[in-house]
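*Asks:*
In our numbering, the protein residues as written are 109 to 438.
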């Protein structure tokens with residue numbers, strides 16, 4: 109299927125915030141909840157964008173999600189509305205896979221626009237790419253923009269990817285955090301970041317598939333798994349190293365996986381105990397040879413975040429002294 113790249117964002121464009129997984133009202137709970145929502149609107153407005161939040165209803169199910177019909181209406185309305193140029197997911201969760209058999213992929217194909225989120229939203233990015241050909245983006249949720257501190261890198265990467273067409277090389281952030289910023293916005297804990305680590309030397313160019321490992325793994329054997337041939341695979345997860353590596357090996361053994369040209373694994377929370385040595389050990393077992401492999405990109409369940417095109421193109425160069433990922437088409 110022909111890839112469709114959505115138009116880039118411009119000053120004055122409107123962003124629609126939808127809740128295909130957990131509901132945005134989950135964010136609004138607690139002492140910092142409303143502040144987070146207000147700050148998200150402020151930070152996005154400061155980029156020259158307008159914000160429309162779809163969800164006004166108080167109706168949520170036992171999982172903290174909107175009713176399925178409401179979630180489908182939100183995403184279809186956002187794609188069909190010509191005044192909407194960007195769709196941001198409010199937050200992740202666990203139940204975006206309920207939507208994928210019911211999405212109007214022809215509607216999505218005929219109304220291409222920026223669609224961005226991460227975690228559980230990986231399911232939607234994968235299905236949309238497979239069924240409509242639309243390139244989407246593994247990047248911040250709307251709620252991510254609600255941070256008071258430590259957001260500069262996330263905003264800069266978001267703008268590099270979504271406001272212009274120029275290639276750019278992703279550099280590591282100066283600091284990172286794994287604290288529960290959504291509970292305490294003031295007493296943040298930031299750690300000095302390190303450059304991405306080279307696990308296996310080499311260079312590659314290819315189509316990028318990027319997102320949450322556990323979520324992508326759910327699509328194995330389904331009609332919604334994208335074609336995974338000649339790809340640079342960029343993954344992240346927050347579970348334990350045992351769970352992550354087991355799932356990674358399962359995905360790599362899948363018939364859905366063709367020729368992997370490069371692999372990057374994102375930084376995980378320290379509680380997962382996942383590091384470059386763990387990934388190196390696993391890849392020795394599955395014998396992924398002669399391809400560049402790296403660890404530590406700024407995506408996923410720590411902050412800050414870069415923004416990566418799911419279905420775009422990139423070039424990965426790994427050597428002992430450096431790792432360079434250039435997004436060439438997005």
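The beta carbon of each residue, even a glycine, is placed where N, CA and C say it ideally should be.
#1: Residue 275 and residue 436 look like a contact to me (Cβ under 8 Å); what is the Cβ gap, rounded to whole Å?
#2: What runs of the beta strand (DSSP E), each 3 residues or longer, lie entirely inside the region 132-161?
#3: Which value, in whole angstroms, describes the spacing of the CA atoms of residue 122 and residue 109?
#4: Taking the beta carbon of residue 359 as the centre, do at least 16 other beta carbons fall within 10 Å, making it buried, or is it exposed?
#5: Under 8 Å: do the region 165-181 and the region 215-234 share three or more Cβ pairs, one atom per stretch?
#6: Give me, in chain order, the residues of the same chain whose beta-carbon lies closer than 7 Å to that of residue 325; leave out the 5 immediate sequence neighbours on both sides.
#7: Ordered along the chain, which non-local residues of its own chain (more than five positions away) have a Cβ less than 6 Å from that of residue 384?
#8: Measure the C-alpha to C-alpha separation of residue 241 and residue 209 and round it to an integer number of angstroms.
#9: Counting only runs that start and end within the region 322-354, where is the beta strand (DSSP E) found for 3 or more residues in a row?
#10: If we call anything under 8 Å between Cβ atoms a contact, is residue 318 one with residue 253?
#11: Per the contact definition of three or more C-beta pairs closer than 8 Å, is the region 229-240 in contact with the region 259-275?
#12: Quick check: what's the CA-CA separation for residue 300 versus residue 432?
#13: Using only alpha-carbon positions, find the residue among 429, 424, 372 that is nearest to residue 408.
#14: What are the partner residues of residue 226, as DSSP defines its beta bridges?
#15: Using the Cα positions of residue 378 and residue 190, report the straight-line distance between them to the nearest angstrom.
#16: Grab me the residues of residue 420's own chain with a C-beta within less than 7 Å of its C-beta, minus the 5 sequence neighbours each way, in chain order.
#17: Buried or exposed for residue 115, going by 16 or more other Cβ atoms inside 10 Å?
#18: So the candidates are 271, 272, 259; which of them puts its Cα closest to the Cα of residue 285?
*Replies:* The structure says:
#1: 5 Å
#2: 158-161
#3: 29 Å
#4: buried
#5: no
#6: 355, 358, 359
#7: 305, 307, 403
#8: 16 Å
#9: 339-344
#10: no
#11: no
#12: 19 Å
#13: 372
#14: In the DSSP output, where bridge partners are listed per residue, residue 226 has none listed.
#15: 43 Å
#16: 243, 316, 435, 437, 438
#17: exposed
#18: 259
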